[in-house]
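The structure appears right after this line, and notes come after that.
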C-alpha cells in the first residue's frame, strides 16, 4: 500500500539522489557525479568512517563510480554542494527491477530517512522536514488492501491511497499489455493454423493411394479415421511439448539478452505452468482438428478415384 | 513456358493447399506489418503531436526533464530575452499544478484536475471546439479558463459556466485561496490522456489561483523559431542562460525514444524477428514437402535436359508467388489489425488520446515487402538444394519401383 | 556401321556403394549406336538395362569406362553441358511417362522447346506437327489425368522428339500399357526410326524388341549377346 500526494507520478517517491524520472543514462551519470562530490575525504580532516552515517548504493552506482563498501562519499542537494554531508558506503544492493523504467540506469542510493531529510529539507521551510513523498504500509491483513485504501481515501481528501496489487478494472499498463500480447498470440495461432492445415492437406494427398488401397481391401472409413485421429493426437502432443521446450529455451535467451542490454535483473519473459498448460490446451486440439480436416476430404472421395482409376 | 508460368501452374494444381499457404502468409505477414508499424509508430505520432503544437524548442530547468519540470528561475526575464532573439518568432510560458474544481450548483464533490497556465492562447496544443480561446491580453474580472471536453462533459460545463478552483500544490502544506473562474471555451489538449481532466488559463489567472499575482514563475518556455533558424535559435538560447536545458523537438523525441518508447521498440524487434523466423520455417517446410512429392517430375525434367538453374528458378518463383500474393494481401489485413491493436494499447493510462502506436508510413510497406521477399528467397534455398542435387537416375528408378 | 557413331561407350562400369558392400550394376560394357540404329536391350530384371540407358542418356555417370557422344567425351563435360545434350540431342521416354500433370498435352510438348530457346512461332508449328504425328491433335488441351495410358505415352514420345534429337532413349515404354496399346507405341517407334532418329529401347516386350534392328541381351550387368 502506498499513500501519495494527489496525482503525483509514482517516481517522485524515490529519494532525491535517485535518477529523476525519464532521465537518460547520460543525465543519470551527470546526476550521480554532481551528487557525489568527493570520495574518500582525507582521514585527518574527516570523522572516521565508522562514525559516519551509513548508506547503501546500487550496484550500478558502485560500478560507475568504482565505489566499494567502506568508502566515504559526500552527498549534497545540488552540484554547488548545498547541505553536503559525508556518508560511509555500507554496501551495495541490486535495485528491485522496475518494469516501468527498465531502461533507466539505476544510479541510486538508500539511507535512513533522517539523513535524507538533513540533506533535502530546506531549513527555511518549517514544513519541509514534515513533508514526505510517500508512505508505504504493510497491512496485517493484506487481503483488505483495496477496502482499506478506499476508506483512507475517503477520510483524507487530497491524498492518493493506492494498493500495490494490480487494479481489477484492467486499466493498469500491464493489463493492457497482456491484452495486447493475447491479441498478437491469437493472430499467430490463426496464421499457424492456416499453415498447419496446408501441411495436413499435403500429407493427406501423399497418402492418397495408400488410403485407397486400404479401403479397397475392406478397412472401414471409421477405422481409418480413428487411425488418423490417433496419429494426429500423437503429433499434436509431441509438437506441443516440443513447443514448450523451445519456449523455455527461448525464454532463457531473451531474458539473458535483455538483462545484459539494460543491466537489470528484471525478468522479461516467463513461461509459467499456466501459460504452458494454456498453450497445450490450444495447440493439441488444433493439431488434431487440422489432421482430421486434412484427411476428411480424402476419406469422403470415391475409392477408385483414390487409387487413380 | 516461363519459370514463373510453370510455378503458377504448380501452385494452382493444388488449390486447397495453395490457398491455405497464402492465407498463412497473409496472417503472418499482417503481424509482421504491424510490428514494423509499431517500431516507429509512437515516434511518428508523438512527433506529429509535438510539431502540431506549434513550437520547435522547449526550455526547462537544468535539473529537470520533460516529465519532471521544476520551476525555472526568473522565467519571465528569460522568456522576454528569448522573445527578443532575431531567430525566434514567438514564445509561450507554461506552468502546471494540480488542483480541484467544483461547479457551483452541481452536487459534485471536488474534482481533481491539472491546471495549465500559458501565456500563449493560440497554440500550445489546444484545439477549441466550443466557445473561444484564452485572451491574449489582460482580462478583467474572473480569470478565464478553457476546460477539456472530458471535464466539460462530466460537470456539464458550457462557455459562460463558472467553476470554483483551488490549487493543491504537491509537497507543501499550504492554504491556497479558493478562486472562481469563468469558462470561456471547451477544447482538447493534444497531450491529454483519455480520462485526464485539464483546465487551461492565462499566466495571470494561474498566478491568482496560486495566490501570488506577481509571480514570474514558469516551468517551461515554448519557443517557435523562424523558418530555417531552429539550430541558431537553439544555440542562441543556450548562450543566454547556461542554467537551463534547451531541447529541440528532435531531442525531446530522442529522450522519449530512449525511455518511454523503448519497450515497444524492443517488442517490435522481437516479434518481427519471430514472425520472420516463423514465416521462413513454414514456407521452407511447405516447399520442401512439395518438392519431395514431385521428385519424379523433377528428375524427369532434369533427365529431359532442364538445367539446375531452371529448376531453381521454378522453385524460387513458387516461393515468390506464395509470399508475394500473401504479402500483398497482408497489407489491408494488417491495416485492420493495426486499428484493433492500437485501440488496445491506447487504453494504457497516461497515454495521450491523440497518440497512436501504429502509424502508416510508405517506407513500412517497402520494408515489409523487402523482408518477406528475403525470407521467401532464403526459405526456398533448402528445397532448391534438394531439387537441384537429387541423383537423377536413382530418383527415376525409385519412382518407377514405388 | 557407317560414319561416326552418335554415342560410343567402352568398358562402361557402374557400381553402387551399399551398406552391405558395393554392387556392380554394370560391368565392362561396350556399346556403340550409330545414326539410324534401332537397338533393343533386353534381359531379366536387375541386369543393368536401365543403368546402361541412364549412362547413355548422360543422366548417370559411369564409375569406370568412357562415353563419347557425338565426338565429345562426356566425362569431361560440366553438368550444364550434359543438360544441354539431354535437352537438344537426346530424347527420353520413361516407363511412367512423367508428364507434368498441371500442363496440357500441348504445353508438355512445348516445354522443352521453350527451354531450348526456340521462338514462339517455331514452337507452335513444331508442337502442332508432333501432336498430329502421334495422332492426338484433338487432345491438345487435355491434361494427363484426362488421357489414357497409351495417350500419355504418345504425348511423352512427342515431348521427347520436340527438339529433334539425334537419339531417342526409351526405358520400358510399354511397361505400364496393355498389349494392344503397347503395339501402337511400338508402331510409333517404327515411324520415328523410319524418319531418321536412332533409338535405343530397354524392353521386356517381345513385340517391341522384335522391331529393333539390333539386340543386346544383358545378364548380371554384362552384355551376353549382341
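Protein chains in written order, with my numbering: chain A, 441 to 749; chain B, 8 to 409; chain C, 6 to 231.
Ideal Cβ placement from N, Cα and C applies to all residues, glycine included.
Only a predicted model underlies this, so the values are computations on that prediction, with no experimental measurement involved.
Straight across, the Cα-Cα distance linking residue 317 of chain B with residue 682 of chain A is about 37 Å. In the structure shown, residue 575 of chain A adopts extended strand secondary structure according to DSSP, grouped into three states. Between the beta-carbon of residue 213 of chain C and that of residue 45 of chain C there is about 7 Å, and that keeps the pair under the 8 Å contact cut.
The segment 283 to 291 of chain B makes no contact with the segment 106 to 126 of chain B, as fewer than three CB pairs between them are under 8 Å. Taking a contact to require three or more Cβ pairs closer than 8 Å, the segment 34 to 46 of chain B and the segment 320 to 340 of chain B qualify as touching. When Cβ-Cβ separations below 8 Å define contact, residue 635 of chain A makes contact with chain B. When the beta-carbon positions are compared, residue 135 of chain B and residue 206 of chain B stay at least 8 Å from each other. Around the beta carbon of residue 285 of chain B, 16 or more other beta carbons sit within 10 angstroms, so the residue counts as buried.
Listed along chain B are 8, 13 and 16, each with a C-beta nearer than 9 Å to that of residue 108 of chain C. Identification of residues in the segment 109 to 120 of chain C having a C-beta nearer than 9 Å to some C-beta of chain B yields 112, 115, 116, 117, 119 and 120, given in sequence order. When Cβ-Cβ separations below 8 Å define contact, residue 406 of chain B makes contact with chain C. Taken in chain order, the members of the segment 289 to 301 of chain B whose beta-carbon sits within less than 9 Å of a beta-carbon on chain A are 289, 290, 292, 293, 296, 297, 299 and 300.
Pairing residue 69 of chain B with residue 353 of chain B gives a Cβ-Cβ distance that is not under 8 Å. Residues of chain C with a Cβ closer than 7 Å to the Cβ of residue 317 of chain B are, in chain order, 120.
With respect to chain B, the C-beta atom of residue 619 of chain A has a partner C-beta closer than 8 Å. Within the same chain, Cβ atoms closer than 6 Å to the Cβ of residue 29 of chain C are found at 20 and 226, the five residues on either side in sequence being excluded.
Contact annotation: in the segment 77 to 111 of chain B, residues whose CB is within less than 7 Å of a CB in chain A are 105.
For residue 670 of chain A, the enclosing alpha helix (DSSP H) covers residues 661 to 702. Within the same chain, 495 come within 6 Å of residue 551 of chain A by CB-CB distance, once the 5 residues on both sides are set aside. Collapsing the DSSP output to three states places residue 176 of chain C in a strand. Residue 220 of chain C and residue 211 of chain C have their C-alpha atoms roughly 11 Å apart. Taking a Cβ-Cβ threshold of 8 Å, the residues of chain A close to residue 277 of chain B are 694, in chain order. Rounded to the nearest whole angstrom, the C-alpha separation of residue 357 of chain B and residue 271 of chain B is 16 Å. DSSP places residue 234 of chain B outside both helix and strand once states are collapsed to three, so it counts as coil. Under a criterion of Cβ atoms nearer than 7 Å, the residues of chain C adjacent to residue 20 of chain B are, in order, 106 and 107. Interface flag for residue 314 of chain B against chain C is set, since a Cβ pair is found closer than 8 Å.
Interface residue (Cβ-Cβ distance to chain C less than 8 Å): residue 393 of chain B is not classified as such. Within chain C, not a single residue places a beta-carbon under 8 Å from that of residue 346 of chain B; the smallest gap is close to 40 Å. In this structure, DSSP gives residue 504 of chain A a helical state, which the three-state scheme calls helix. Below the 8 Å Cβ cutoff, chain B contributes 309, 310, 399, 400 and 403 as neighbours of residue 64 of chain C, in chain order. Annotation: the continuous beta strand (DSSP E) that includes residue 119 of chain B extends over 118 to 125.
Taking residue 131 of chain C as reference, the option from C/116, C/99 and C/144 with the minimal CA-CA separation is C/116. Between residue 79 of chain B and residue 64 of chain B a beta carbon distance of about 14 Å is seen, past the 8 Å cut, so the two are scored as non-contacting.
Counting only runs that start and end inside the segment 41 to 65 of chain C, the alpha helix (DSSP H) elements of at least 4 residues fall at 54 to 61. Distances from the alpha-carbon of residue 532 of chain A to those of A/548, A/523 and A/543 put A/548 closest. Per DSSP, reduced to three states, the secondary structure at residue 226 of chain B is coil, with no helix or strand assignment.
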